[in-house]
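Every letter in the sequence shown is one number past the one before it in the UniProt record's numbering, and letter 133, counting from 1, is 133. Every residue gets a Cβ at the ideal spot worked out from N, C-alpha and C, and that includes glycine.
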Amino acid sequence: MAEQSTSELSEPGIYVALTHSTLSPTAIMDRVRSPEAGAIVLFAGTTRNSFNARAVLNLSYQSYAPLALRTMISIARSIKADHSLKGIAIVHRLGTVPIGEESILIAVSSPHRKEAWLAGEECLEKVKDRVEVWKLEKFEDDEGGVWRANRDGVMGQRVEAGDEARNITSQLRGDGGEEHQGASGVPDNAGPVIRPQRLGEKGHGAVVNPQRKASTE
């Protein structure tokens with residue numbers, strides 16, 4: 001299945017997207033501009049050159065887009081309502097993201113800066129905790145790579161290819177081997193992957209709990 005360049009959802013004051021294109025800070029800020037907003041806060045997450053003292057070549061992201069977009073817009077609605085925002089936009093890049101380039105942009109607008117700062121931070125943490133995006137880290141000292149939860153400092157247990165990895169992949173696709181539109185974005189056999197030590201951790205924190213089916217939460 002050919003990869004689509006961009007998948008997106010929007011409603012008044014809210015925009016979320018997954019894209020294989022380079023991210024534009026200016027474009028996402030324009031999504032949240034409002035004459036009623038006195039502050040726009042922008043977060044840009046970039047690929048750094050090391051992880052745990054290992055030199056990183058690049059990062060690569062994949063996603064089950066239909067589920068990830070539903071999770072993203074649910075987060076955006078909650079943040080917008082809780083902080084009385086004028087606008088919120090979340091865009092995550094998929095595919096290979098070289099060192100120094102952005103993998104995620106979050107922009108929020110508010111009448112006042114305090115609410116914007118708080119909303120931006122809360123949104124980032126919820127995205128990292130809940131959104132169904134998986135990250136492959138490629139290191140200079142390793143020809144392969146490691147799929148792991150995309151949460152700061154999360155380490156886990158490597159799961160090699162095999163029955164367990166195939167079971168994990170079935171969950172990420174949404175059912176035991178059932179094909180879904182957009183399922184080609186899930187890593188084949190999801191392995192080798194990292195099993196988070198906290199069962200049930202998912203998404204930008206991938207689901208690797210073999211007893212729990214992926215949910216939209």
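| request: Output the residue ranges of the beta strand (DSSP E) runs that lie fully inside the region 28–103 and measure 3 residues or longer, sorted by chain position. | output: For the region 28–103, whole beta strand (DSSP E) runs of length 3 or above, ordered along the chain, are 39–46, 54–63, 87–93, 95–98.
| message | The beta strand (DSSP E) that contains Val-23, what's its start and end? | response | As a first step, residue 23 is located in the sequence shown; it is residue number 23 there, counting from the start. Note that residue 23 is Leu in the sequence shown here, rather than Val. According to the DSSP assignment, Leu-23 belongs to no beta strand (DSSP E), since it is labelled neither H nor E.
| query | Just curious, the alpha helix (DSSP H) that Val-127 is in, first and last residue? | reply | Within the sequence shown, residue 127 is the residue found at index 127, counting from 1. Start and end: 113–130.
| field | Cβ pair Ser-103, Thr-46 closer than 8 Å | value | As a first step, residue 103 must be located in the sequence shown, where it is residue number 103. As a first step, residue 46 must be located in the sequence shown, where it is residue number 46. Ser-103 is a Cβ neighbour of Thr-46, given a cutoff of 8 Å.
| field | Where the beta strand (DSSP E) through Glu-137 begins and ends | value | To locate residue 137, count along the sequence shown from 1; it is residue 137. For Glu-137, the uninterrupted beta strand (DSSP E) run begins and ends at 133–139, by DSSP.
| request: State buried or exposed for Arg-130, treating a residue as buried only when at least 16 other CB atoms are found within 10 Å of its CB. | output: Sequence index remark: in the sequence shown, residue 130 carries index 130 (1-based). Result: buried.
| field | For Ser-109, three-class secondary structure by DSSP | value | For the purposes of this step, residue 109 is taken as residue 109 along the sequence shown, with counting starting at 1. Correct three-state label for Ser-109: strand.
| message | Does Ser-5 come out as helix, strand or coil in the three-state DSSP assignment? | response | As a first step, residue 5 must be located in the sequence shown, where it is residue number 5. Ser-5: coil per DSSP, three-state reduction.
| Whole-angstrom distance between Pro-98 and Arg-54, CA atom to CA atom | Along the sequence shown, one-based indexing puts residue 54 at 54. Along the sequence shown, one-based indexing puts residue 98 at 98. Computed Cα separation, rounded: 16 Å.
| Taking three-plus beta-carbon pairs below 8 Å as touching, is the region 84–91 in contact with the region 60–69? | no
| request: Select from Ala-107, Phe-51, Glu-101 the residue whose C-alpha is nearest the C-alpha of Ser-34. | output: On the sequence shown, residue 34 is found 34 positions in, with the first residue counted as 1. Among Ala-107, Phe-51, Glu-101, the Cα nearest to that of Ser-34 belongs to Ala-107.
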